[in-house]
Amino acid sequence: SRDFLSDAIADYNARFSTNFSTDGDSFQNYYKDLSQRMKKREIDLLIVVNMFLTGFDATTLNTLWVDKNLKYHGLIQAFSRTNRILNSVKTFGNIVAFRNLAKATDDAISLFGDENAESVVLLRGFRDYYDGYDDASGRHHKGYAELILELREKFAVGEPILGEQTQKDFVRIFGNILRLRNILTAFDDFEENDPLLPPRDSQDYQSMYLDIHREMTGAGNAEKENINDDVVFELELIRQVDINIDYILLLVEKYHASNGMDQSIIGAIDRAVGASPELRSKKELIDGFIKTVNTSTKVMEDWRTYVDAEKEKALEKIVQEEKLKPEETEKFVRSALRDGRFKTTGTAIDTILPPVRRFGGARAEKKAGVIEKLKAFFATFMGLVEE
């Protein structure tokens, strides 16, 4: 009803400091504002009646719950809201139907697609992705279980992987496992702690995967996914289940509660950090903090104090070694940590450098050295401090 919608808009206004209503242009502006917030993921769940099923596009949208009899173009358009491909993590959408729309879906696909449309538009069943399947041409597609068996047979956990071709084989197999796991998690049948690849082994393999990525790309290319035509790293698929610092600190709490006696927790921390693209650069910092833990430690509180102190110490060391301008450097770093971006272009980086001769390449060499050290600093403290 209009009254219910007015109440919903009033709640929206209170939350987002807006001033919309159900009247004319104001409602249209509300609609546009709501659309933008959905696209920016400021809103997680949107419940609507006869709205937003068409003429709305948000690539981050991954699930549509539908309790409405849809058919033909209306069904295709509604499902398309969810089915936009975004990246390697979101390669499909998830439709949860409270009515039986199977026949309506088949009819719509048949009407608007060609003879191969169904295999392109709809995912296969759970068992096909888990156990593998043969397509219409007789080609076999390995399933999750087959790939894990192949991984375990060829690459033992923790064993070094030597030789470029062997490393490429490992990257290919583990990448396929990551892609299939991403699909399987959309099915209720899939167990997150799948016995074929328990979390501990998964973290160990993930750490090996990231070691090879670092070796192939070099320390300065942590974000690079395509090495060449035949090696692609699925970093986005790893990041979607990435372990954060809060989880690590919970493990440190457990270690503290054991009075530093339970060394298995230290092993769990090492595996978790090694398997995380975001935490690997913070390993030395985390290890240093663990060494300070004693009976009087208040983990969460002392961690923040420790990080702030280490940040100041590390920055002071860079400033002294490179003879940088202290105030300008502090401002540059604070801005980078606040924005979550380390900019190597523009004039900001030049303002922190000491006077250096512009000729003979000395200034460029100095700048490159400073950038390398500040990048490492940024990778260590990004996400851990508030600026």
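Under the numbering used here, the first residue of the sequence shown is numbered -7, with each subsequent residue one higher. Beta carbons: idealized from backbone N, C-alpha and C, even for Gly. Everything numeric in this text was worked out from a predicted model, so none of it was measured.
At the C-beta level, residue 86 and residue 54 come within 8 Å of one another. In the pairwise beta carbon analysis, the stretch 329 to 344 is classified as not touching the stretch 281 to 300: fewer than three pairs are separated by under 8 Å. Three or more pairs of CB atoms, one per stretch, sit closer than 8 Å, so the stretch 302 to 317 contacts the stretch 367 to 378. Buried is the label assigned to residue 205, since at least 16 other Cβ atoms lie within 10 Å of its Cβ. In the structure shown, residue 89 falls within a strand segment according to DSSP collapsed to helix, strand and coil.
Counting only residues of its own chain and dropping the five nearest sequence neighbours on each side, residue 325 has a CB closer than 8 Å to the CB of 307, 366, 369 and 370. A direct Cα-Cα distance of roughly 31 Å separates residue 275 from residue 176.
Across the set 23, 314 and 241, the C-alpha of 241 shows the shortest separation from the C-alpha of residue 291. Counting every other CB atom within 10 Å of its CB across the protein chains shown gives residue 129 a total below 16, marking it as exposed.
Runs of the alpha helix (DSSP H) lying entirely within the stretch 219 to 283, each at least 4 residues long, are 227 to 231, 237 to 249 and 255 to 266 in chain order. By the C-beta density criterion, residue 361 is exposed, having fewer than 16 other C-beta atoms within 10 angstroms.
Beta-bridge annotation (DSSP): residue 57 is paired with 88. Residue 134 is not a Cβ neighbour of residue 96, given a cutoff of 8 Å. If the five residues before and after residue 258 are omitted, its C-beta is found closer than 8 Å to the C-beta atoms of 247 and 282, all from its own chain and listed in chain order.
Across the set 269, 89, 137 and 138, the C-alpha of 269 shows the shortest separation from the C-alpha of residue 201.
Within a 10 Å sphere around the beta-carbon of residue 141 sit fewer than 16 other beta-carbons, which makes this residue exposed. DSSP places residue 127 outside both helix and strand once states are collapsed to three, so it counts as coil. Non-local beta-carbon contacts of residue 196 in its own chain, meaning distances under 7 Å to residues more than five positions away in sequence, involve 149, 150 and 263 in chain order. Scanning its chain for C-beta atoms nearer than 6 Å, with the 5 sequence neighbours on each side dropped, one finds around residue 245 the residues 291, in chain order. Residue 286 counts as exposed, since fewer than 16 other C-beta atoms from the protein chains shown sit within 10 angstroms of its C-beta. Residue 13 and residue 19 have their C-alpha atoms roughly 6 Å apart.
Within the DSSP secondary-structure output, residue 133 pairs in a beta bridge with 125. For residue 267, the closest alpha carbon among the candidates 253, 198, 144 and 239 is that of 198. Residue 170 counts as buried, since at least 16 other C-beta atoms from the protein chains shown sit within 10 angstroms of its C-beta. The shortest C-alpha to C-alpha distance from residue 327 to any of 194, 377, 38 and 152 is the one to 377. The beta carbon of residue 5 is closer than 7 Å to those of 11 and 12 in its chain, skipping five residues each way along the sequence. Excluding sequence positions up to five before and after residue 363, its CB lies within less than 6 Å of the CB of 336, all in the same chain and listed in chain order. When the Cα atoms are used, residue 88 and residue 181 turn out to be separated by approximately 15 Å. Within the same chain, and ignoring the five residues on either side of residue 339 in sequence, no residue has its Cβ closer than 8 Å to its Cβ.
Nearest neighbour of residue 168 by Cα position, chosen from 227, 356, 193 and -4, turns out to be 227.
For the stretch 294 to 359, the full-length alpha helix (DSSP H) segments reaching 4 residues or more read 318 to 331 along the chain.
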